[in-house]
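A.B. asks: Numbering (the numbering used here), first residue to last: 1 to 720.
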Amino acid sequence: MARGLQGFLWTMLLLFCAIQELGAWAMHTAVEGPALGQPGDPALLASGRVKRGWVWNQFFVVEEYTGTEPLYVGKIHSDSDEGDGSIKYTISGEGAGTIFLIDEITGDIHATERLDREQKTFYTLRAQARDRQTDQLLEPESEFIIKVQDINDSEPRFLEGPYIGSVAELSPIGTSVMQVMASDADDPTYGSSARVVYSVLEGEQHFTVDSKTGVIRTAVADLDRETQDRYEVVIRATDMAGQLGGLSGSTTVTIVVTDVNDNPPRFPQKMYQFSIVETAPVGTAIGRVKAEDSDVGENTDMTYQVKDEEGVEMFKVTTDSNTQEAVIMVQKPLDYESKKVHTVVVEALNKFVDPRFVDLGTFRDQTIVRVSVLDVDEPPEFRPPSNLMEVQEDAHVGSVVGVVTALDPDTANHPVRYAIDRSTDAERIFDIDANTGAIVTGKVLDRETAGWHNITVLAMEADNHSQVSRASLRIRILDVNDNPPELATPYEAAVCEDAKPGQLIQTISVVDRDEPQSGHHFYFTLAPEANNHHFSLLDIKVLVLLILTLKRHHKSHLTSEDDEDMRDNVIKYNDEGGGEQDTEAYDMSALRSLYDFSEIKGGDGGGGPGEGALSGNSASELHALPQWVQSPDLDFSMFRDYICRKVEQADEDLSVPPYDSFQTYAFEGSDSPVPSLSSINTWSSSSEQDFSYLGAWGPRFRQLAALYAGRRGEEDSEES
């Protein structure tokens with residue numbers, strides 16, 4: 001009885017569904033005619049009457065049938081069927097003979113298995129009407145569909161979970177967080193089985209969800225990450241558009257509250273204390289402090305700085321990028337004796353400030369750091385640090401040069417002892433008093449030997465010689481006039497016996513080894529033992545000219561050394577200049593003016609007894625000078641060209657360092673147009689050389705020719 005009732009109910013449900021879905025769709029049989037055919041068949045329309053053999057659209061079967069009897073699906077029938085059983089109905093296609101069975105006589109089709117629309121929504125089959133006796137098709141084979149009718153047997157499911165979203169703290173109400181979507185396997189084209197709506201099961205105090213789209217939004221504006229940094233929100237999806245009896249599914253959404261820079265830095269303590277020894281070098285880290293920040297990530301990045309003036313001078317602060325700590329370091333040497341405690345104000349501020357939250361307060365904080373300086377045993381210090389002393393070179397041994405002073409900077413003030421580093425004074429030229437620091441001379445000084453001395457003085461604690469300091473001391477030896485003038489070089493002069501008065505014999509230069517304070521001034525006179533009646537001196541600024549005042553000098557007056565060394569006049573120029581400030585150094589005009597006596601004609605020559613003869617016979621005196629000096633048209637281009645060439649060579653040589661001036665002293669002049677006048681081999685008695693040809697060389701050589709010719713004649717007469 002129960003089974004029959006259940007089958008009846010399913011049949012009624014089937015009919016209800018068929019009527020609801022298909023409306024006017026129906027299964028018809030042909031009014032007349034024996035054949036199966038499709039509507040609109042031209043063969044049927046040509047007869048002038050409507051003939052319908054197979055007319056149906058779809059069969060329907062409800063899914064999830066749980067009855068014990070086969071479920072009636074539908075019926076196929078041919079209009080040629082007279083009900084005598086002569087027609088045999090068969091089906092083929094999907095599920096024919098297994099899922100779907102047909103009664104060969106009546107054409108009734110039944111489903112024998114439970115169907116699931118979510119697995120297969122329809123089946124395609126073919127129907128045949130055959131002659132039972134001959135098995136021939138009485139009508140063309142036709143195709144039909146059995147559609148599985150949906151029922152609401154699938155709940156919505158969230159297939160993309162788990163869901164994790166995020167939203168910034170302090171976001172305004174309605175800020176979108178994320179979207180969730182649920183899928184329903186039921187037929188979305190039939191009824192409301194697949195129409196899903198969303199709602200919040202848990203977390204509705206802080207979040208909402210759009211019932212149609214599944215978009216989750218904030219419900220409050222005061223989400224605070226520092227209070228709660230994540231929420232677990234349960235979202236439910238219900239089909240049948242949320243109507244009673246609809247199926248539902250749910251999922252949990254994790255919402256992370258992200259950080260914004262809404263918290264300023266704060267030092268946990270208002271004062272920190274550190275200590276460091278006074279000898280700590282610059283750059284030594286004293287300690288670390290850190291300002292706490294409730295934010296996370298880059299919102300906790302700090303910048304530290306010293307705010308007070310004293311701290312800025314003595315200390316500096318850097319930020320450790322890994323730990324965001326302030327590293328306090330020594331910036332200037334510390335001194336326990338000067339200041340034992342330093343107070344530093346350190347400020348912390350966020351590196352990245354969000355302008356949206358500046359009204360929440362100042363995003364910086366300050367703390368006080370006290371740095372205690374620890375005393376250490378330090379070596380003595382020289383005071384004052386002057387390193388220059390002076391002493392005259394004629395100072396007696398034991399004379400005080402100066403006094404050095406060193407003090408122990410420690411509070412104990414240990415007594416100090418002094419010494420000289422003998423590696424800097426190996427000859428022991430100076431000594432020092434170990435107790436007073438007085439430096440005295442240990443040997444006789446000589447400025448001309450050594451004008452400067454560099455020594456190192458040691459100062460050490462009396463009871464701890466390892467605590468030692470060093471000071472370099474420069475001692476300048478002051479000059480005194482303790483050296484007489486000296487000839488710049490040994491001089492030997494010779495003069496012809498027929499030399500005319502005023503003849504220039506020799507130019508003499510002298511030097512003084514002493515250091516002139518305002519330049520040397522020399523005065524020249526002939527020695528008493530010299531024959532002052534025959535010679536005179538002409539003083540021209542350091543240089544002195546020895547001039548012959550006799551008209552003739554007999555050869556007997558010449559010594560054997562004079563006879564062995566006959567040479568031209570020798571001029572020596574020993575001016576070394578006065579350094580960079582001397583703009584007249586190496587002035588060639590000094591050489592040109594050497595023989596120009598027009599300025600001193602009739603003036604004071606400063607040369608002693610012979611100067612009257614010089615002024616009285618100026619014409620003859622000038623005539624007696626070498627002729628090449630008298631000419632006013634002297635050409636010095638040879639010197640100029642030579643110096644210019646040397647300058648160009650120096651400029652083009654890149655390996656030569658730049659000097660302030662460039663001097664060349666090796667220039668000997670151009671070649672002589674005449675052969676050598678050397679008399680090395682002419683003094684032997686066996687010489688047969690004739691010097692008479694010298695008279696044809698001009699005025700310059702006439703006297704020389706006469707001299708040699710006269711001497712040769714005398715020698716011949718003596719031999720005879």
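Yeah, the Cβ is synthetic: ideal placement off N, Cα and C, and Gly gets one too.
Does DSSP put L538 in a helix, in a strand, or in coil?
C.D. replies: As a position in the sequence shown, residue 538 is number 538, starting the count at 1. In the structure shown, L538 sits in a strand (DSSP, three-state: E or B).
A.B. asks: Thinking C-alpha only, which one of F267, G165 and A237 is nearest T218?
C.D. replies: Taking the sequence shown and counting its residues from 1, one reaches residue 218 at position 218. The shortest Cα separation from T218 among F267, G165 and A237 belongs to G165.
A.B. asks: Going by C-alpha distance, which of I429, S472 and T319 is nearest F382?
C.D. replies: Sequence index remark: in the sequence shown, residue 382 carries index 382 (1-based). Considering only alpha carbons, the answer is S472.
A.B. asks: Excluding the 5 residues flanking G174 on each side, which residues of the same chain have their C-beta closer than 8 Å to its C-beta?
C.D. replies: Working through the sequence shown from its first residue, we reach residue 174 at position 174. For G174, where only same-chain residues beyond five positions count, the Cβ hits under 8 Å are R217 and T218.
A.B. asks: For C496, does the count of other Cβ atoms within 10 angstroms reach 16, so buried, or fall short, so exposed?
C.D. replies: Position 496 of the sequence shown, counted from the start, is the residue given in the question as residue 496. C496 comes out buried.
A.B. asks: Got a sec? Which residues, its chain only, sit under 8 Å from I432 by beta carbon, not counting five neighbours each side?
C.D. replies: Taking the first residue of the sequence shown as position 1, residue 432 is located at position 432. If the five residues before and after I432 are omitted, its C-beta is found closer than 8 Å to the C-beta atoms of V404, Y418, A419, I420, A438, I439, V440 and V457, all from its own chain and listed in chain order.
A.B. asks: Please list, in chain order, all residues of the same chain as S199 whose beta carbon is under 6 Å from its beta carbon, the five residues on each side excluded.
C.D. replies: Taking the sequence shown and counting its residues from 1, one reaches residue 199 at position 199. Once the five neighbours on either side are set aside, the close Cβ partners of S199 are R236.
A.B. asks: Within the chosen definition, does the stretch 132-146 reach the stretch 204-212 through at least 3 CB pairs nearer than 8 Å?
C.D. replies: no
A.B. asks: Who are the Cβ neighbours of I99 in its own chain at under 8 Å, not counting the five residues just before and after it?
C.D. replies: Working through the sequence shown from its first residue, we reach residue 99 at position 99. Excluding residues within five positions, the ones whose Cβ falls inside 8 Å are A111, T112, E113, L115 and Y123.
A.B. asks: State the DSSP-derived secondary structure class of D641, mapped to helix, strand or coil.
C.D. replies: Counting from one through the sequence shown, the residue named residue 641 turns up at place 641. Judged by DSSP in its simplified three-state form, D641 adopts helix.
A.B. asks: Alpha carbon to alpha carbon, how far is V148 from D229? Give it in angstroms, no decimals.
C.D. replies: Position 229 of the sequence shown, counted from the first residue, corresponds to residue 229. Position 148 of the sequence shown, counted from the first residue, corresponds to residue 148. The straight-line gap from Cα to Cα measures roughly 50 Å.
A.B. asks: Distance, Cα to Cα, V391 vs S423?
C.D. replies: Within the sequence shown, residue 391 is the residue found at index 391, counting from 1. Within the sequence shown, residue 423 is the residue found at index 423, counting from 1. Approximately 22 Å between the Cα atoms of the pair.
A.B. asks: With DSSP as the reference, identify every bridge partner of M302, one or two as the case may be.
C.D. replies: Here residue 302 is taken as the residue at index 302 of the sequence shown, counted from 1. Paired residue(s): N350.
A.B. asks: Would you mind reading off the limits of the alpha helix (DSSP H) that contains M314?
C.D. replies: Taking the first residue of the sequence shown as 1, we reach residue 314 at position 314. Unbroken alpha helix (DSSP H) run through M314: E309 to M314.
A.B. asks: Keeping to the same chain, check which residues put their C-beta closer than 8 Å to that of E561; ignore five residues upstream and five downstream.
C.D. replies: Taking the sequence shown and counting its residues from 1, the one referred to as residue 561 is at position 561. For E561, the pLDDT reaches just 43, beneath the cut-off of 50, and the residue's location in the model is therefore unreliable, leaving the point undetermined.
A.B. asks: Can you list the alpha helix (DSSP H) stretches of 4 or more residues lying completely in the stretch 149-175, in chain order?
C.D. replies: Qualifying alpha helix (DSSP H) stretches: none in this window.
A.B. asks: Helix, strand or coil for R130 per DSSP?
C.D. replies: Translated into positions along the sequence shown, residue 130 becomes position 130. Of the three classes helix, strand and coil, the one that applies to R130 here is strand, per DSSP.
A.B. asks: Considering M460, what are the terminal residues of the beta strand (DSSP E) in which it resides?
C.D. replies: By one-based count along the sequence shown, residue 460 stands at place 460. Segment W452 to E461, the beta strand (DSSP E) holding M460.
A.B. asks: Can you tell which of T238, V289 and V296 has the C-alpha that lies nearest to the C-alpha of E169?
C.D. replies: Indexing the sequence shown from 1 puts residue 169 at position 169. For E169, the nearest C-alpha among the options comes from V296.
A.B. asks: Less than 8 Å between the CB atoms is what I'm expecting for T367 and Y231, so what's the real figure, rounded?
C.D. replies: Numbered from its first residue, the sequence shown carries residue 367 at position 367. Numbered from its first residue, the sequence shown carries residue 231 at position 231. Going by Cβ atoms, the distance from T367 to Y231 rounds to 36 Å, so no, they are not a contact pair.
A.B. asks: Write down the C-beta distance between R288 and A326 rounded to the nearest angstrom, noting that I regard them as a contact closer than 8 Å.
C.D. replies: As a first step, residue 288 is located in the sequence shown; it is residue number 288 there, counting from the start. As a first step, residue 326 is located in the sequence shown; it is residue number 326 there, counting from the start. Right, the Cβ-Cβ distance comes to about 6 Å (below 8 Å), so this counts as a contact.
A.B. asks: Note down the Cα distance separating P188 from N263, rounded to an integer number of angstroms.
C.D. replies: Within the sequence shown, the letter at position 188 stands for residue 188. Within the sequence shown, the letter at position 263 stands for residue 263. When rounded, the distance between both Cα atoms is 51 Å.
A.B. asks: Return yes when the Cβ of I76 is within less than 9 Å of the Cβ of I91, no when it is not.
C.D. replies: As a first step, residue 91 is located in the sequence shown; it is residue number 91 there, counting from the start. As a first step, residue 76 is located in the sequence shown; it is residue number 76 there, counting from the start. Cβ atoms of I91 and I76: closer than 9 Å.
A.B. asks: Between which residues of its own chain and M314 is the CB-CB distance below 7 Å, once the five residues before and five after are set aside?
C.D. replies: By one-based count along the sequence shown, residue 314 stands at place 314. Correct list, in chain order: Q331, K332 and H342.
A.B. asks: Let me confirm a value: S399 is counted as buried when at least 16 other C-beta atoms fall within 10 Å, else exposed. Which label applies?
C.D. replies: In the sequence shown, counting from the first residue as 1, residue 399 sits at position 399. The residue is exposed, with fewer than 16 neighbouring Cβ atoms inside 10 Å.
A.B. asks: Looking at C-alpha atoms only, which residue of V510, R513, V511 and A494 is the closest neighbour of L504?
C.D. replies: The residue labelled residue 504 in the question sits at position 504 within the sequence shown. Ranking the options by Cα distance to L504, first place goes to A494.
A.B. asks: Near C17, which residues of its chain fall below 8 Å by C-beta distance, leaving aside the five closest residues on each side in sequence?
C.D. replies: By 1-based counting over the sequence shown, the position of residue 17 is 17. Because C17 sits at a pLDDT of 45, beneath the cut-off of 50, its placement in the model cannot be relied upon, and the following sentence gives the value as read from the coordinates. F60, V62 and Q149, listed in sequence order.
A.B. asks: If contacts are defined as beta-carbon pairs under 8 Å, then K307 and V345 qualify, I think. What distance do you get, rounded to the angstrom?
C.D. replies: As a first step, residue 307 must be located in the sequence shown, where it is residue number 307. As a first step, residue 345 must be located in the sequence shown, where it is residue number 345. With a Cβ gap of about 4 Å, K307 and V345 count as contacting.
A.B. asks: Going by Cα to Cα distance, which pick from Q179, Y190, W697 and N481 is closest to T121?
C.D. replies: Residue numbering aside, residue 121 sits at position 121 when the sequence shown is read from its first letter. Comparing Cα-Cα distances from T121 to each of Q179, Y190, W697 and N481, the minimum goes to Y190.
A.B. asks: Quick one: what's got a C-beta closer than 7 Å to T251's C-beta in the same chain, skipping five residues either side?
C.D. replies: As a position in the sequence shown, residue 251 is number 251, starting the count at 1. For T251, where only same-chain residues beyond five positions count, the Cβ hits under 7 Å are F158, G161, Y163, V180 and I235.
A.B. asks: Between the alpha carbons of F430 and S466, how many angstroms are there, rounded?
C.D. replies: Numbered from its first residue, the sequence shown carries residue 430 at position 430. Numbered from its first residue, the sequence shown carries residue 466 at position 466. C-alpha separation (whole angstroms): 24 Å.
A.B. asks: Can you grab the Cα-Cα spacing for the pair M240 / V197, in whole Å?
C.D. replies: As a working mapping, residue 240 is identified with position 240 in the sequence shown. As a working mapping, residue 197 is identified with position 197 in the sequence shown. Going by the C-alpha atoms only, they are around 8 Å apart.
A.B. asks: Where do the N-terminal and C-terminal ends of the beta strand (DSSP E) with P505 fall, by residue?
C.D. replies: As a first step, residue 505 must be located in the sequence shown, where it is residue number 505. Reading off the sequence, residue 505 comes out as Ile, not Pro. Note, I505: beta strand (DSSP E), Q503 to I508.
A.B. asks: Mind reading off the beta-carbon distance from D375 to H414? Whole number of angstroms is fine, and I expect it under 8 Å.
C.D. replies: Numbered from 1 along the sequence shown, position 375 holds the residue referred to as residue 375. Numbered from 1 along the sequence shown, position 414 holds the residue referred to as residue 414. Not a contact, Cβ separation roughly 13 Å.
A.B. asks: Do you know how far the Cα of A182 is from the Cα of T362?
C.D. replies: For the purposes of this step, residue 362 is taken as residue 362 along the sequence shown, with counting starting at 1. For the purposes of this step, residue 182 is taken as residue 182 along the sequence shown, with counting starting at 1. Near 47 Å, if we compare the C-alpha coordinates of A182 and T362.
A.B. asks: What residues in its chain sit with their C-beta under 7 Å from that of A395, if we drop five residues either side in the sequence?
C.D. replies: Taking the sequence shown and counting its residues from 1, one reaches residue 395 at position 395. Once the five neighbours on either side are set aside, the close Cβ partners of A395 are T441 and L445.
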